[in-house]
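Comments concern the structure below.
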Amino acid sequence: MYENLVVSADWLADNLDDVRVVDVRDAWEFDGIGHVPGAVSIPFDSFRSDVGDEGMLPGTDVWTDLMDEAGIDADDTLVAYDDTHGVFAARFLVTAELYGHRDLHLLNGDFSAWSREHEVERDAVDYPESDYEVRDPESSPLVGYDYVLDAVERVEAGGEDAETVIVDTRETWEYEESHVPGAVQLDWMELVDDGSRGLKSDEKLEELLAERGITPEKEVVLYCNTARRISHTYVVLRHLGYENVAFYEGSLTEWDERGGPVETGETDETGETNESEE
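Residue numbers (full-length UniProt numbering): 1 to 278.
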């Protein structure tokens with residue numbers, strides 16, 4: 001998944017005949033506004049479920065049916081996009097990775113990056129149905145409640161020298177209301193450039209992450225509320241070469257249900273808080 005993970009609209013235009021493009025916007029947008037030529041529509045809600053394999057994964061049967069209907073094979077090169085800075089497309093890519101798909105890419109700058117410079121199509125291509133095979137991922141970033149609970153202990157024991165950093169990718173007000181103890185706050189939208197709608201430059205991303213203590217040599221544990229926003233941050237970290245990234249699929253939804261400890265407090269410029277524990 002990690003080689004050339006984030007691609008530009010120009011790259012996609014040059015490689016359009018060699019990839020399968022997945023549009024995860026609502027179906028009416030795909031039909032009414034138009035889409036990348038040759039793209040298939042797999043709306044976000046179709047692969048988002050709370051009754052599947054783990055957390056919000058849809059389940060292997062649902063995923064297989066979606067891929068078969070779209071005519072996608074397990075070895076296809078996939079490029080996903082949305083119209084929300086890539087966060088829904090990133091969720092699609094993480095889901096595909098967890099079901100064993102290998103060659104995955106995010107369109108940088110979402111649909112707007114394509115539509116500004118390239119042809120938009122309104123007719124859908126009718127691909128022959130495939131026989132998609134779900135595989136075990138080469139490695140899985142998924143971690144559960146107990147793992148995060150242990151991570152909290154490692155952070156508390158290590159202090160500033162901790163080799164683990166827990167990252168809350170939600171908005172500041174959400175973090176201040178309640179967060180996992182010891183977590184630093186990094187709103188996923190801070191990684192996005194307002195003008196291009198794509199990622200900030202690698203240099204700016206690395207600087208921002210370093211300011212929060214989120215550095216490549218550390219284990220990074222990501223969470224949000226329902227694992228959508230952490231999908232974008234996960235893709236960004238993989239794009240930058242971070243190797244030890246843990247993805248808490250249950251996020252705060254499960255954490256709260258299981259009575260996990262939380263803290264409240266206001267953030268400072270480093271993303272840390274003056275905290276009180278509950």
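Glycine is no exception: its CB is placed at the ideal position from the N, C-alpha and C atoms.
With distances taken between CB atoms, is the gap from residue i to residue j smaller than 8 Å?
{"i": "residue 171", "j": "residue 187", "result": "yes"}
{"i": "residue 30", "j": "residue 41", "result": "yes"}
{"i": "residue 90", "j": "residue 220", "result": "no"}
{"i": "residue 147", "j": "residue 72", "result": "no"}
{"i": "residue 261", "j": "residue 181", "result": "yes"}
{"i": "residue 39", "j": "residue 22", "result": "yes"}
{"i": "residue 6", "j": "residue 239", "result": "yes"}
{"i": "residue 167", "j": "residue 214", "result": "yes"}
{"i": "residue 114", "j": "residue 12", "result": "yes"}
{"i": "residue 229", "j": "residue 169", "result": "yes"}
{"i": "residue 117", "j": "residue 37", "result": "no"}
{"i": "residue 83", "j": "residue 130", "result": "no"}
In or out: residue i buried (at least 16 other Cβ within 10 Å) or exposed?
{"i": "residue 76", "result": "buried"}
{"i": "residue 28", "result": "exposed"}
{"i": "residue 54", "result": "Residue placement at residue 54 is poorly supported in this model, since its pLDDT is 48, which falls under 50; the coordinates still yield a value, given next. That one is exposed."}
{"i": "residue 67", "result": "buried"}
{"i": "residue 86", "result": "buried"}
{"i": "residue 251", "result": "buried"}
{"i": "residue 110", "result": "buried"}
{"i": "residue 201", "result": "exposed"}
{"i": "residue 256", "result": "exposed"}
Can you grab the Cα-Cα spacing for the pair residue i / residue j, in whole Å?
{"i": "residue 165", "j": "residue 237", "result": "13 Å"}
{"i": "residue 204", "j": "residue 128", "result": "43 Å"}
{"i": "residue 4", "j": "residue 254", "result": "33 Å"}
{"i": "residue 143", "j": "residue 249", "result": "7 Å"}
{"i": "residue 70", "j": "residue 80", "result": "13 Å"}
{"i": "residue 216", "j": "residue 125", "result": "41 Å"}
{"i": "residue 107", "j": "residue 43", "result": "16 Å"}
{"i": "residue 198", "j": "residue 94", "result": "18 Å"}
{"i": "residue 52", "j": "residue 151", "result": "Because residue 52 sits at a pLDDT of 43, beneath the cut-off of 50, its placement in the model cannot be relied upon, and the point is left open."}
{"i": "residue 137", "j": "residue 57", "result": "14 Å"}
{"i": "residue 195", "j": "residue 189", "result": "13 Å"}
{"i": "residue 99", "j": "residue 123", "result": "29 Å"}
{"i": "residue 161", "j": "residue 64", "result": "44 Å"}
{"i": "residue 225", "j": "residue 233", "result": "13 Å"}
{"i": "residue 18", "j": "residue 149", "result": "44 Å"}
{"i": "residue 163", "j": "residue 227", "result": "23 Å"}
{"i": "residue 14", "j": "residue 33", "result": "23 Å"}
{"i": "residue 35", "j": "residue 241", "result": "30 Å"}
{"i": "residue 185", "j": "residue 103", "result": "30 Å"}
On a CA-only basis, which of the options is nearest residue i? Give me that one, please.
{"i": "residue 145", "options": "6, 258 and 105", "result": "258"}
{"i": "residue 88", "options": "74, 207 and 25", "result": "25"}
{"i": "residue 48", "options": "60, 37 and 190", "result": "60"}
{"i": "residue 158", "options": "211, 109, 117 and 218", "result": "218"}
{"i": "residue 207", "options": "191, 239, 263 and 37", "result": "191"}
{"i": "residue 62", "options": "36, 84, 83 and 96", "result": "96"}
{"i": "residue 231", "options": "173, 65, 84 and 92", "result": "92"}
{"i": "residue 2", "options": "32, 245 and 263", "result": "245"}
{"i": "residue 153", "options": "183, 241 and 32", "result": "183"}
{"i": "residue 264", "options": "139, 173 and 243", "result": "173"}
{"i": "residue 243", "options": "227, 149 and 139", "result": "139"}
Report back the beta-carbon spacing between residue i and residue j to the nearest angstrom; my notes put them in contact at under 8 Å.
{"i": "residue 121", "j": "residue 176", "result": "The Cβ separation is near 44 Å, so there is no contact."}
{"i": "residue 20", "j": "residue 78", "result": "5 Å"}
{"i": "residue 247", "j": "residue 222", "result": "6 Å"}
{"i": "residue 74", "j": "residue 101", "result": "6 Å"}
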